[in-house]
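Chemist:
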Amino acid sequence: MRPQEVLQVFKHQTKIVNALTRLIQVGLGYIQIGQRLSTLSGGERQRLKLAAELERSGGIYVFDEPTSGLHMADVDRLIELFTLLADQGKTVIIVEHNLEMIANADHVIEIGPGAGKHGGKIIYQGSPLGMLTSATSVAGPFLEEQMSGKHELLRA
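Numbering (full-length UniProt numbering), first residue to last: 1 to 156.
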């Protein structure tokens, strides 16, 4: 059975409902209850851990390129999840190249200007909106192109 189906059976059991709801929130509504952990992908296991963390208070979470390999719909779900964590008072640090994720950040630290020995310096720090006019940001022009007139969606 999937979480949504199990919810109907245990709809009056608050702890079970909360746990299943968290699974659905992190995008794991399709897994089978009782499914072996060894059959889950690395990303699915990360989201399973994240579902458990949603009930805890406080905390600092670091994610390294969490959008890697995800469909855009899943990226949107992940952004909602990170926003929920932040709204719960948790600190979320994300190392990411995905422009959609960057556009939704509260604060951006861009490191560059190049890769390897040509990088490693802070070239921009501030809001996603500020990246668009920064003379030092390498990602700013790409973010500008991605947002193409939707600047009101960027965090100031």
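Glycine included, each C-beta is placed from N, C-alpha and C at the ideal position.
(1) Would residue 62 be called buried (16 or more neighbouring beta carbons within 10 Å of its own) or exposed?
(2) Please name the residue in 30, 26, 25 whose C-alpha comes closest to that of residue 5.
(3) Pick from 34, 21, 147, 26: whose alpha carbon is nearest that of residue 46?
(4) Would you kindly check if the distance between the Cβ of residue 84 and the Cβ of residue 54 is under 9 Å?
(5) Measuring straight from C-alpha to C-alpha, what distance separates residue 75 and residue 96?
(6) Please report the Cβ distance between residue 67 and residue 104, rounded to the nearest whole angstrom; I am assuming they are in contact, meaning their Cβ atoms lie under 8 Å.
(7) Hey, residue 82 and residue 94 are a contact pair by Cβ (cut 8 Å); roughly how many whole angstroms apart?
(8) For the beta strand (DSSP E) containing residue 109, list its first residue and its last residue.
Modeler: Result, derived from the coordinates:
(1) exposed
(2) 30
(3) 26
(4) If you check the CB distance, residue 54 and residue 84 come in under 9 Å.
(5) 12 Å
(6) Actually they are not in contact, since the Cβ atoms of residue 67 and residue 104 sit about 11 Å apart, beyond 8 Å.
(7) 7 Å
(8) 108–112
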